[in-house]
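Visitor:
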Amino acid sequence: MHSATLADPARPSVADFHRVNRGGGLFSESVSQWLGAVFALVAQRLGLRPTALTIANLVLGLAASVTVVALADEVAAGTVPAWVVGLAALVGWQVAYSLDCADGQLARVTKTGSAAGARVDVLCDVAAQIALVAALSATAVAQRPATPTWLVALFAGTWMVNLVTSVMQSGPNAASMVTSTSLPVRLVKLVRDYGAVIFVAGLVLAFAPALTFWVIVAFTIVNGGFLLASIAFSARASLR
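For the sequence shown, the numbering used here assigns the number 1007 to the initial residue and increments by one for each residue that follows.
(1) I'd like to know if the region 1221-1229 and the region 1115-1130 are in contact, where contact means that at least 3 CB-CB pairs between them fall below 8 Å.
(2) Would you mind listing the alpha helix (DSSP H) stretches within the region 1089-1154 that are 4+ residues and don't spill past its ends, in chain order?
(3) If we ignore side chains and look at the alpha-carbon of each, how far apart do T1164 and G1230 end up?
(4) Closer than 8 Å by C-beta to N1027: which residues in its own chain qualify, once you throw out the five before and the five after it? Chain order, please.
(5) Give me the Cα-Cα distance between Q1135 and V1086, rounded to the nearest whole angstrom.
(6) Can you look up S1009 in the DSSP assignment and give me helix, strand or coil?
(7) Report the residue from N1063, T1116, V1065, L1105 whose alpha carbon sits nearest the alpha carbon of G1053.
(8) Going by beta carbon distance, what residues of the same chain come within less than 6 Å of E1080, once the five residues before and after it are set aside?
(9) Looking only at its own chain, which residues have a Cβ that is under 6 Å from the Cβ of L1217, when we skip the five neighbours before and after it?
(10) Rounded to whole angstroms, what is the Cα-Cα separation between A1010 and D1022?
(11) So, are the CB atoms of V1139 and F1232 less than 8 Å apart?
(12) Please name the residue, chosen from A1069, L1196, I1237, that lies closest to G1098 on a Cα-to-Cα basis.
(13) At which residues does the alpha helix (DSSP H) containing T1060 begin and terminate?
(14) Between which two residues does the alpha helix (DSSP H) containing D1022 stretch?
In structure tokens, the structure reads:
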């Protein structure tokens, strides 16, 4: 979006910021990107650079995940209420992700983006998601000590598919296996919508932490399946 299209380039609105969002799925576009637009507006009014929002996303996301890891055993033992930790993580992860949405919106509307800023954004996303994986894995093991080590490793490995495909989708060779934007398809795609995923993860940690084991099983299957499907899709396209 060019600033000339704004009613007042010096004072863009929340809608102006949301208009330049990069999607992410039904939940992300309906919740996270709108909250991100509010954060971007506030940041613009305060004269902050996009990287300030990126760092805030990292700090908040790490804080939420470290809290879950640190208290995983206490929650499993019942000495710390699961709902306190779970809801704190849910709010922390959601706000952190909204800040992640906001930095890009701010950069695009105010024309303050840079290659260095984009690299910082990707690196912070990697760090935040590693911490998220650690939090879910620690909870699963605390709740179910017999959780296989290989499952935790497979969960962590396949989770990184999300980051790899996200980076690939932003390049000139981006392509989608399913291009339909119908509501049923978008509902199915919620399983890979990061905003929806961390929302569900927070709810599980808060109200049914014993199910975290099955959460990591489910996402291992989903992300592993998506990886295999992506390889097949890309290989087929390359052979045409």
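Note that CB positions come from ideal geometry on N, CA and C, so glycine has one too.
Guide: The structure says:
(1) Contact between the region 1221-1229 and the region 1115-1130 is absent: fewer than three C-beta pairs spanning the two stretches fall below 8 Å.
(2) 1121-1149
(3) Along the sequence shown, one-based indexing puts residue 1164 at 158. Along the sequence shown, one-based indexing puts residue 1230 at 224. About 6 Å.
(4) Taking the first residue of the sequence shown as position 1, residue 1027 is located at position 21. E1035, Q1039, G1042, A1043, C1107, G1110, Q1111.
(5) Taking the sequence shown and counting its residues from 1, the one referred to as residue 1135 is at position 129. Taking the sequence shown and counting its residues from 1, the one referred to as residue 1086 is at position 80. Going from the Cα of Q1135 to the Cα of V1086 covers about 24 Å.
(6) Walking along the sequence shown from the start, residue 1009 turns up at place 3. Any answer about S1009 is weak, because its pLDDT of 40 lies below 50 and its placement is not dependable; what the coordinates show is given next. Here S1009 sits in helix by DSSP.
(7) For the purposes of this step, residue 1053 is identified with residue 47 of the sequence shown, where counting begins at 1. If we check each option's Cα against that of G1053, T1116 comes out closest.
(8) Mapped onto the sequence shown, residue 1080 falls at position 74. These residues qualify, in order along the chain: V1086.
(9) One-based indexing of the sequence shown puts residue 1217 at position 211. Here the set comprises V1210.
(10) Taking the sequence shown and counting its residues from 1, the one referred to as residue 1010 is at position 4. Taking the sequence shown and counting its residues from 1, the one referred to as residue 1022 is at position 16. Caution is warranted here: a pLDDT of 42 is assigned to A1010, below 50, making its placement in the model unreliable, and the coordinate value is therefore given only provisionally. C-alpha of A1010 to C-alpha of D1022: approximately 12 Å in a straight line.
(11) Here residue 1139 is taken as the residue at index 133 of the sequence shown, counted from 1. Here residue 1232 is taken as the residue at index 226 of the sequence shown, counted from 1. No, the Cβ-Cβ distance between V1139 and F1232 is not below 8 Å.
(12) Against the sequence shown, residue 1098 aligns to sequence position 92. That would be A1069, whose Cα lies nearest to the Cα of G1098.
(13) By one-based count along the sequence shown, residue 1060 stands at place 54. Segment 1056-1083, the alpha helix (DSSP H) holding T1060.
(14) To locate residue 1022, count along the sequence shown from 1; it is residue 16. Note, D1022: alpha helix (DSSP H), 1020-1025.
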